[in-house]
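Below is one structure; the comments refer to it alone.
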Amino acid sequence: MSKVPMTVVGADQLRKELEILKFDRRPKITEAIASARELGDLKENAEYHAAREEQGICEARIRDIEGKLSNAQIIDVTTMENTGRVIFGTTVTILNVDTDAEMTYRIVGDDEADIKQNLISVNSPIARGLIGKSEGDEVSITTPGGLTDYDIVSVEYI
Numbered sequence: 005m006s007k008v009p010m011t012v013v014g015a016d017q018l019r020k021e022l023e024i025l026k027f028d029r030r031p032k033i034t035e036a037i038a039s040a041r042e043l044g045d046l047k048e049n050a051e052y053h054a055a056r057e058e059q060g061i062c063e064a065r066i067r068d069i070e071g072k073l074s075n076a077q078i079i080d081v082t083t084m085e086n087t088g089r090v091i092f093g094t095t096v097t098i099l100n101v102d103t104d105a106e107m108t109y110r111i112v113g114d115d116e117a118d119i120k121q122n123l124i125s126v127n128s129p130i131a132r133g134l135i136g137k138s139e140g141d142e143v144s145i146t147t148p149g150g151l152t153d154y155d156i157v158s159v160e161y162i
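Heads up, the sequence shown is in our numbering, so the first residue is 5 and it goes up one at a time.
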């Protein structure tokens, strides 16, 4: 399997979620299954079936997170020299040439992306159009809304 880029923050968030699932949620589900078993007939026991379903979801998420972390290539841009080039993990401020709207995005892995927090996936159209470009460049990016021209105002390695 190929390595998946991930920021240090994203890896930490996944590790915290994994810890909660393994050491908090998993024991609670086990207790719920045990108490549901005590209620008697398992064929018609809704609590038992609900707890088993929740256990399956929890275990699947644990396997998913462990798989992602084992294939993660953790990239820390704060340890790199700022060359002004847009790379994975950088924070980029761009200016829409047509509307003069300025936006700041951080380019992160797929699992970390959250547009509400200005975190865009490295595989998004905007990130793909910005990667490899430098501060001061003008780029044309094809987005779902059509072709848009942007000026790269700043590139920060934070």
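Note that the Cβ used here is the ideal one computed from N, Cα and C, for glycine as well.
Legend entry - Helix, strand or coil at V157 [DSSP, three-state]: DSSP places V157 in strand when its eight states are reduced to three.
Inset, instruction - Write down every uninterrupted run of the beta strand (DSSP E) in the stretch 96-150 whose length is 3 residues or greater and which is fully enclosed by it, in chain order. - result: Runs of the beta strand (DSSP E) inside the stretch 96-150: 106-112, 123-125, 142-147.
Inset, instruction - Give the secondary structure of V81 by DSSP, where H, G and I count as helix, E and B as strand, and everything else as coil. - result: V81: helix per DSSP, three-state reduction.
Legend entry - Distance between R65 and E21 (C-alpha atoms, nearest Å): Going from the Cα of E21 to the Cα of R65 covers about 10 Å.
Legend entry - Local conformation of T87 per DSSP, three classes: In this structure, T87 counts as coil in the three-state DSSP scheme.
Legend entry - Proximity winner among G88, D115, A38, relative to A54 (alpha-carbon distances): Taking each of G88, D115, A38 in turn and checking the Cα distance to A54, the smallest one comes out for A38.
Legend entry - Coarse secondary structure for T34, derived from DSSP in three states: Looking at T34 - three-state DSSP - the assignment turns out to be helix.
Inset, instruction - Along the alpha helix (DSSP H) that carries D68, what are the first and last residues, could you check? - result: Residues 50-74.
Inset, instruction - Answer yes or no: do R89 and G133 have a C-beta to C-beta separation smaller than 9 Å? - result: The answer is no: Cβ separation not under 9 Å.
Legend entry - Cβ-based neighbour list, Y52, same chain, cut-off 8 Å, excluding 5 preceding and 5 following: Here the set comprises I37, A40, R41, L43, L46.
Legend entry - Where the beta strand (DSSP E) through T11 begins and ends: Looking at the DSSP string, the run of the beta strand (DSSP E) that includes T11 is 8-11.
Inset, instruction - Select from K26, I119, S6 the residue whose C-alpha is nearest the C-alpha of I61. - result: Taking only the C-alpha atoms, the option nearest I61 is K26.
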